[in-house]
Every structure is written in C-alpha cells, then in structure tokens.
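Participant:
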Amino acid sequence: MGKKMKDKKESKKIRYYNLNRLIMPKSVAIVGASYDADKVGHIILRNYLNAGFSGKLFPVNINAAGDMLGLKVYKTISDIKQKIDLVVVATPASTVPDIIDQCGKANVGGVVVISSGFAEVGNIDLQKQLIENAKKYKLPVIGPNCLGLVDIKSKTDTMYLPSFKLDKPILGDVSVISQSGAVGSIVLDLIDHEGFGLAKFISYGNADVVDESDILTYLANDNETKFIIFYLEGVKDGERFIETVKKYGLKKPIIIIKAGTTAEGATAAHSHTAALAGNSEVYNAIFKQYGIVQAEDLYDLLYFAKIFEMSPLCTGNKVGVITNGGGAGVLMTDAIYKNGLELAQLSDKSKENLRKVMPNIVNITSPLDIGGDADRTRFKNAIDAVATDDNVDIIIAIVLFQTPGADSSVVAEIVNAKNRTNKPFIVISIGGNYTLAHRSMLESANIPVYESPMAAAKAIKALIDFSNAKIQKK
Amino acid sequence: MVLIDYDDGKKILDKYKIKSVPSRYVRNVEDAIAFADSLKGKEMAMKVISKNPEALHKAKKGLVVLNLKEKEDIIKAWKNLESKAKQFMPYKIQAQEMVRGIEIIAGGRIDPQFGKIVVIGLGGIYVEVLKDFQIGICPVEAKNASMMIDMLKSKQILLNSIKKEDLVRLIINVSRMMVENDISELDLNPMIIHDGKIEAVDIRIIK
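Heads up: the sequence lines are chains A and B, in that order.
Residue numbers for the first sequence follow numbering that gives the first Met the number 0, so the first one is 0 and each next one is one higher.
Residue numbers for the second sequence follow numbering that gives the first Met the number 0, so the first one is 0 and each next one is one higher.
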C-alpha cells in the first residue's frame with residue numbers, strides 16, 4: 000500500500016494541460032524519416048508534404064546523406080538549432096529514451112512516440128527510462144505505441160497510414176481521443192461519411208507521460224472542440240480521471256465507448272457489495288454520475304456524435320413523427336417507447352389546421368402518416384404543423400425516397416422547415432443510391448439522417464440524457 | 000482484512016443515523032428469553048456470529064433460527080445453535096427483533112482504481128440473481144443518489160414502501176460513512192424496509 004500511494008503521488012506531480020505547441024505545431028521534426036518509401040518515417044514526412052503543412056519540416060535520420068523529398072536532413076535533434084514545436088519519433092524502441100533526452104535539451108514543445116516495443120511487450124526498463132527522461136524536462140510525450148495526432152487546422156498529421164487508404168475528415172468541431180490506434184483510425188475514416196468534420200484527433204497509446212486526463216482537460220478547454228469522442232480500454236490514473244470528468248463531464252458532451260472488462264473487482268471480494276461492484280460496473284457508474292454519454296458499439300458512437308454535432312440540446316422527450324410510410328411509422332413508435340421517449344400528441348389546434356390542408360386519406364393522428372403519395376407540399380404542411388406544436392420537443396421526418404412524390408424538392412422543404420425551428424430535427428431514410436444521394440444533401444444542411452428508427456431513438460435518448468444532466472448541474 | 004464486531008459496527012451506523020433492528024448478544028438461554036420478553040410480542044431471531052470464514056453464510060450452515068416467540072421454542076433453538084456453533088469457536092449468539100418487509104442492500108467498498116464507492120440495490124436473496132443495483136462514486140450528492148434510485152428496476156417496489164427522500168438520505172449517509180472512516184468493504188445486507196423505515200439486519204464492516 001505504502002509504495003502504491005507513493006507512486007500515485009509521483010504521478011500527480013506533473014500535469015500536461017497545455018498541449019498547444021505539440022498539437023498545433025508551427026515546426027515539426029520527424030525522427031526516423033527514411034529514404035525508404037515503405038518506412039513509417041517516410042510515410043509521415045510524405046503525408047506532411049501532401050497535406051500542405053505550412054510550417055517548417057525537419058527530417059531527422061542518423062545516417063543522413065543528402066536531401067529527403069527536397070528537404071534538408073539532420074542527423075540528430077540537437078543539430079537542428081531552431082525552435083521545434085513537435086517531434087515525431089518513429090525509430091526502434093531502444094533509441095527512444097535518448098531521443099527524448101535530446102528533445103528535452105532542445106526545449107521542444109512536445110513529442111509523439113509512434114514506436115512500439117515498450118511496456119506492451121514487457122520492456123519495462125525502456126518504459127521507465129522514457130518516463131524519467133520526459134519528467135526531467137517536464138516534456139509532454141504522447142505514446143509510445145500510438146498513431147499520434149491529427150489537427151486539421153494546422154495540417155499536422157503524424158499518422159503513418161497511407162493517405163489514399165483513409166478518408167481524411169474535413170475541418171469540424173469534433174475531437175477524437177483513442178487509446179487504440181486502429182479503432183481511432185476507423186472512427187476517423189468514417190466521420191466524413193456521417194456528415195461531420197474533425198477538430199483534433201489524438202491516439203495516445205500507452206499513456207506513459209501524457210495520459211487520458213491530460214488530454215481530456217486540454218480538449219475540454221480547447222475552443223475549437225465542441226464535443227469529444229473517446230475510445231477507452233482502461234484509465235491510467237483512476238482518481239485523476241474522476242477529478243477530470245467531475246470537472247468537465249458536462250462542460251462539453253463526451254461520448255465514450257469503453258472496451259474490455261476485467262474481473263479484478265470480483266476476485267478480491269469479501270462482501271456482496273464487492274462481488275457486485277466490479278471494474279466494468281464502476282466504469283458505468285462513473286460515466287452515469289458525471290454525465291458522460293456511453294455508446295455500446297462503434298456505430299452508436301458515430302450516431303450519437305451526429306446528433307450532438309447537428310442538434311441543439313433538448314430536455315423534452317416528446318417526439319413528433321411525420322412519415323410517408325405506415326410501417327416505418329410503427330417501427331419508429333416502437334423504437335421511441337423502447338428508449339424511454341414518448342410520441343407527441345398534437346394539440347387540437349394543430350389537428351384542425353392539418354385537417355384543412357391534408358387530403359381525406361390522411362388520418363390526423365400520431366405518428367402522422369401523410370401517405371405514400373405525399374409530395375413537397377404535403378410534407379411542408381405536415382412538418383410546419385408538427386414543428387410549431389408546443390406538445391412537440393423533437394421532430395422526426397421519415398422520408399422513404401422510393402415513393403413517387405419524394406425527391407429533392409422534399410429535401411428542400413425539409414431544409415427550409417429545419418431552419419424555421421430551433422427544435423432537434425431528425426430525418427430517417429432507408430434505401431439505396433437514390434436515397435443516399437438525398438441523405439448527403441440533408442446532412443450537408445446539418446440535418447442528422449439515420450437509416451434505422453432504433454439508431455435514431457437511441458441517439459435522441461443520449462442527447463436528452465446529457466441535456467438533462469447538464470441543466471440539473473446548473 | 001479485519002471484520003468489525005457487530006456492536007462496534009452498529010455504533011458507527013448510529014453515528015451516521017443509519018438504523019438497525021434492535022439486537023444484542025445473549026450470554027445464555029435465560030438471557031435470550033429475557034430479550035424475547037422485551038420485544039413485547041414481536042418475534043425474535045437468533046444467529047451465531049463467528050469470525051470463522053466458514054460461518055459467513057449463516058443461513059446455509061443452519062446458524063440462524065427465525066420466528067421465535069415461545070419459551071420452549073427458544074430453549075430448543077438455543078440447544079440447536081450451540082451444537083452447530085461448536086465447530087466455529089469462538090462464537091457469540093445474537094438475538095434480534097424479527098422484521099419483515101422489502102429487503103435491500105446498501106454497501107460500499109474501495110475500488111482499487113477509482114477509490115470509494117457505494118452500492119444500493121434490491122437485497123437479500125435477490126442480490127446475486129437479479130443484480131438490480133446501482134453504484135455511486137463517493138462523495139455521493141443528493142442529485143446522484145436520486146438518479147441511482149431512478150435507475151433501479153425495482154424502484155417502484157421500493158417506493159411503494161418508503162419515501163424516496165429516505166432512500167436518498169440513506170445513500171448519502173452510507174457515502175459519508177465510507178468517506179470519513181477507514182472501511183474497505185461494507186455490507187448492510189439485508190436492510191429491511193418496514194413500517195416506513197429502513198433498518199439494517201446484518202452489518203458487515205471490513206477494515
């Protein structure tokens with residue numbers, strides 16, 4: 000116990016909350032930059048050049064011999080003798096502690112260690128040296144064993160994935176933190192398809208120096224980050240994590256996916272309480288208590304992100320549904336109630352107004368089925384009535400584009416209607432290429448589109464839960 | 000791992016206004032009968048209390064006798080308990096007022112990674128089967144406690160018998176008790192909701 004307490008105090012000494020130089024660098028050195036086009040160091044350098052990074056680039060290679068991709072190559076960090084904000088290290092693990100020391104001496108802004116081969120494969124001594132050298136200079140080090148950073152605005156990108164294999168997101172206001180490089184890159188790859196952009200991406204690997212609490216704190220205070228997506232396997236420092244989420248959990252939405260469970264809690268149990276409250280149960284409790292939005296799988300993560308990106312916060316749970324397909328309306332109703340939401344009942348006044356403008360075949364009820372032959376006018380009239388009804392907190396329009404009347408003119412009406420309301424407005428559209436084309440029109444107008452009623456209802460629930468927690472805290 | 004004596008545990012509970020059912024150790028059968036008389040017609044339970052780990056699951060080992068009222072039943076129960084308790088020396092016999100109601104569990108522990116937590120849930124024999132419980136991270140505030148209760152599947156069953164604010168207060172008190180004391184594990188299982196109050200029947204505190 001004594002030793003453990005001491006270790007904890009040690010880890011509390013240095014906190015790395017200002018990561019600006021590291022994450023938004025104006026000068027980048029790449030250690031391990033290679034002449035060999037297949038090497039990680041080469042790909043990183045090339046990616047910087049391809050992205051049009053406007054700052055200074057310093058390739059570093061101990062066997063430097065002539066220019067590399069048109070840039071002067073340095074043998075070591077110490078040889079550069081200019082201000083360096085970010086050093087990316089992609090050399091064998093055994094060389095890393097010494098490079099960290101050089102970085103400390105050169106007063107660089109921070110280091111990203113891409114290299115693996117540390118504690119994750121049992122090289123504890125090498126890990127210790129890395130940590131000691133970083134601490135000596137209070138040097139923020141991300142990694143090792145990670146993909147590192149992407150900052151769209153400063154065009155920094157330390158990922159060694161060939162750029163043609165990954166859809167690079169556009170500039171947006173979502174930041175992604177990932178303990179795993181692989182999962183992080185999947186999220187990155189898919190963000191664009193879900194219709195939103197990226198602010199910052201941080202894959203932090205072993206978290207030996209800069210840990211999850213440092214990164215969360217940084218992003219919670221980053222003006223360019225509106226909300227955070229977080230893939231977590233396990234936190235490095237539990238007590239600091241609690242302090243951090245207590246302070247920032249409700250400042251911005253943090254959508255988390257927690258992978259991995261351990262039986263640590265259960266094995267040491269001498270009581271019912273201890274047997275029940277194992278590690279994964281405690282994680283769940285932390286997330287609930289501090290307003291962190293928990294996603295169950297990767298798709299949830301993206302679906303939740305989409306609604307947080309495109310909708311205002313909302314505490315009411317009454318959903319007004321307009322549909323041009325009866326069956327889809329029934330499925331939507333089921334999904335609404337399964338997620339603790341309610342179908343909004345329209346006011347008498349709205350019903351009266353609707354009766355005047357809807358044909359006789361339309362039954363004025365909830366969900367409002369406006370018929371398979373609904374055209375732009377019918378959509379407009381229906382949406383206007385539902386959106387302005389005080390009994391409605393959230394609007395869902397189910398648009399099945401397979402029907403004769405649903406085309407881009409309906410999209411135009413929906414976009415206009417969305418701009419007239421300040422309630423969350425969600426569209427559900429399921430279908431092939433024709434539908435997909437219209438879906439991307441809607442999403443470029445900041446309307447979240449879902450393919451399934453269940454996915455939409457879960458996302459709405461997440462939005463409402465966060466909104467309620469945030470309002471209660473005030 | 001040190002298990003705190005029931006009476007010492009009760010003192011800690013008293014300090015945090017967590018109620019427990021009337022009980023005391025009885026030295027002999029006459030003492031047990033005297034305790035039963037003091038209950039004025041209410042039934043009594045007797046249990047063997049021993050630190051022997053084998054004696055932890057009292058009901059399974061036949062170390063509990065319930066529904067005692069008549070003198071001759073108490074005498075019979077005493078003999079029965081004494082014979083079964085021999086293998087768990089040293090032991091004490093505890094007499095307790097019997098209460099019936101809805102069983103809940105309240106507890107706490109120190110999570111190796113995140114520190115002190117509290118647990119509230121449906122208790123007694125249902126704990127392990129239904130696993131209907133919620134965890135709070137200490138210190139738990141009223142708002143969190145209320146949310147924990149809202150998330151219990153058995154919420155309505157509990158709230159038919161007790162006011163929500165009483166459950167909220169219980170959770171906050173357990174949280175304070177965990178925070179202010181050197182306790183590694185706490186089990187109040189069961190606590191019984193009856194006659195508009197919540198009382199601990201079993202107290203298990205591990206330092």
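By construction, the Cβ of each residue, glycine as well, lies at the ideal position given by its N, Cα and C atoms.
Any idea which residues DSSP pairs A:Thr-272 with across the strands?
Facilitator: None; A:Thr-272 has no bridge partner.
Participant: Among A:Asn-415, A:Ser-310, A:Glu-232, which one has its Cα closest to the Cα of A:Asp-279?
Facilitator: Per the sequence shown, the amino acid found at residue 279 of chain A is Ser instead of Asp. If we check each option's Cα against that of A:Ser-279, A:Glu-232 comes out closest.
Participant: In the segment 84 to 108 of chain B, which residue ranges form an unbroken alpha helix (DSSP H) of at least 4 residues, counting only runs that do not cross its ends?
Facilitator: none
Participant: Go through the segment 118 to 142 of chain B residue by residue and report every complete run of the alpha helix (DSSP H) that reaches 4 residues or more, in order.
Facilitator: 126 to 129
Participant: Are the Cβ atoms of A:Asp-84 and A:Arg-20 separated by less than 8 Å?
Facilitator: yes
Participant: Shortest alpha-carbon distance to B:Gln-95 belongs to which of B:Asn-66, B:Lys-162, B:Gln-112, B:Gly-106?
Facilitator: Looking at B:Asn-66, B:Lys-162, B:Gln-112, B:Gly-106, the one whose alpha-carbon comes closest to that of B:Gln-95 is B:Asn-66.
Participant: Tell me whether the segment 51 to 61 of chain B and the segment 19 to 38 of chain B touch, counting them as touching only if at least three CB pairs, one residue from each stretch, are closer than 8 Å.
Facilitator: no
Participant: Distance, Cα to Cα, A:Ala-105 vs A:Gly-194?
Facilitator: 41 Å
Participant: Taking C-beta to C-beta, are A:Val-112 and A:Pro-143 nearer than 8 Å?
Facilitator: yes
Participant: Please confirm whether A:Ala-265 has its beta-carbon closer than 8 Å to some beta-carbon of chain B.
Facilitator: Any reading at A:Ala-265 needs caution, since the residue's pLDDT is 45, under 50, leaving its predicted position unreliable; the model's value is listed next. So, not an interface residue.
Participant: How about B:Asp-194: is its C-beta nearer than 8 Å to some C-beta of chain A?
Facilitator: no
Participant: Using the rule of at least 16 other Cβ atoms within 10 Å of the residue's Cβ for burial, across every protein chain shown, is A:Tyr-73 buried or exposed?
Facilitator: Flag for A:Tyr-73 reads buried.
Participant: Between B:Lys-18, B:Ile-48, B:Ser-145, which lies nearest to B:Arg-26 when the distance is taken from Cα to Cα?
Facilitator: B:Ile-48
Participant: Tell me, please, which residues DSSP counts as bridged to A:Phe-226.
Facilitator: A:Val-173
Participant: Take A:Leu-441 and list the residues in its own chain whose beta-carbon comes closer than 8 Å to its own, dropping the five residues that flank it on each side.
Facilitator: Val-410, Ile-413, Val-414, Val-426, Ser-428, Val-448
Participant: Can you name the residues of chain B whose CB is closer than 8 Å to the CB of A:Ala-284?
Facilitator: Ile-116, Gln-133, Ile-134, Gly-135, Ile-136
Participant: Whose CA, out of A:Leu-462, A:Ile-321, A:Gln-126, A:Ala-436, lies closest to the CA of A:Ile-397?
Facilitator: A:Ile-321
Participant: What is the residue span of the beta strand (DSSP E) that B:His-193 lies within?
Facilitator: Per DSSP, B:His-193 belongs to the beta strand (DSSP E) from 184 to 193.
Participant: Give me the DSSP bridge partner(s) of A:Leu-483.
Facilitator: Because chain A in this structure spans residues 0 to 473, residue 483 of chain A falls outside the shown range and cannot be described.
Participant: Taking 8 Å as the threshold (beta carbon to beta carbon), is A:Glu-238 in contact with chain B?
Facilitator: yes
Participant: Closer than 7 Å by beta-carbon distance: list the chain A residues that pair up with B:Glu-184, in chain order.
Facilitator: Near B:Glu-184 (Cβ distances below 7 Å), the residues of chain A are His-269, Ser-270, Thr-272, Ala-273.
Participant: Would you give the residue range spanned by the beta strand (DSSP E) that B:Asn-66 belongs to?
Facilitator: Per DSSP, the continuous beta strand (DSSP E) segment holding B:Asn-66 begins and ends at 63 to 67.
Participant: Under 8 Å between the Cβ atoms of A:Ile-228 and A:Ile-254?
Facilitator: yes
Participant: Apart from the five residues on each side of it in sequence, which residues of its chain come closer than 6 Å, Cβ to Cβ, to A:Lys-257?
Facilitator: The beta carbon of A:Lys-257 sits closer than 6 Å to the beta carbons of Leu-231, Tyr-282 from its chain, once the five residues preceding and following it are set aside; these are given in chain order.
Participant: Below 8 Å on the Cβ atoms is my contact criterion, and I expect B:Ala-144 with B:Gly-135 to pass it. Report the Cβ-Cβ distance as a whole number of Å.
Facilitator: 7 Å
Participant: So if DSSP puts A:Met-67 in a beta bridge, which residue, or which two residues, is it bridged to?
Facilitator: A:Leu-70
Participant: Let me see if you follow: with CB-CB separation under 8 Å, is B:Lys-152 close to chain A or not?
Facilitator: no
Participant: Going residue by residue through the segment 103 to 167 of chain A, where are the continuous beta strand (DSSP E) segments of at least 3 residues, counting only ones entirely within it?
Facilitator: 109 to 112, 147 to 150
Participant: Three-state secondary structure (DSSP) at A:Glu-450?
Facilitator: In the structure shown, A:Glu-450 sits in coil (DSSP, three-state: anything other than H, G, I, E or B).
Participant: Among B:Leu-185, B:Gln-155, B:Ile-17, B:Glu-127, which one has its Cα closest to the Cα of B:Ile-101?
Facilitator: Out of B:Leu-185, B:Gln-155, B:Ile-17, B:Glu-127, B:Gln-155 has the C-alpha closest to the C-alpha of B:Ile-101.
Participant: B:Val-126 versus chain A: which residues are under 8 Å apart at the beta carbon?
Facilitator: Under the 8 Å cutoff, chain A gives His-271, Leu-275.
Participant: Residues of chain B with CB closer than 7 Å to the CB of A:Val-281, please, in chain order.
Facilitator: Asp-110, Phe-113, Ile-116, Ile-134
Participant: Per DSSP, what kind of secondary structure is A:Thr-266 in: helix, strand or coil?
Facilitator: Any reading at A:Thr-266 must be qualified, since the residue scores a pLDDT of 48, below 50, and its modelled position is unreliable; the value itself is stated next. Three-state result, A:Thr-266: helix.
Participant: Compare the C-beta of B:Ile-205 against all C-beta atoms of chain A and say whether one is closer than 8 Å.
Facilitator: Closer than 8 Å: yes.
Participant: In this structure, how does DSSP classify A:Ala-304 when only helix, strand and coil are distinguished?
Facilitator: Helix at A:Ala-304.
Participant: Please work out which residues of its chain come closer than 8 Å, Cβ to Cβ, to A:Ala-92, disregarding the five sequence neighbours upstream and downstream, and give them in chain order.
Facilitator: Ser-114, Ser-115, Gly-116, Phe-117, Asn-122, Leu-125, Pro-143
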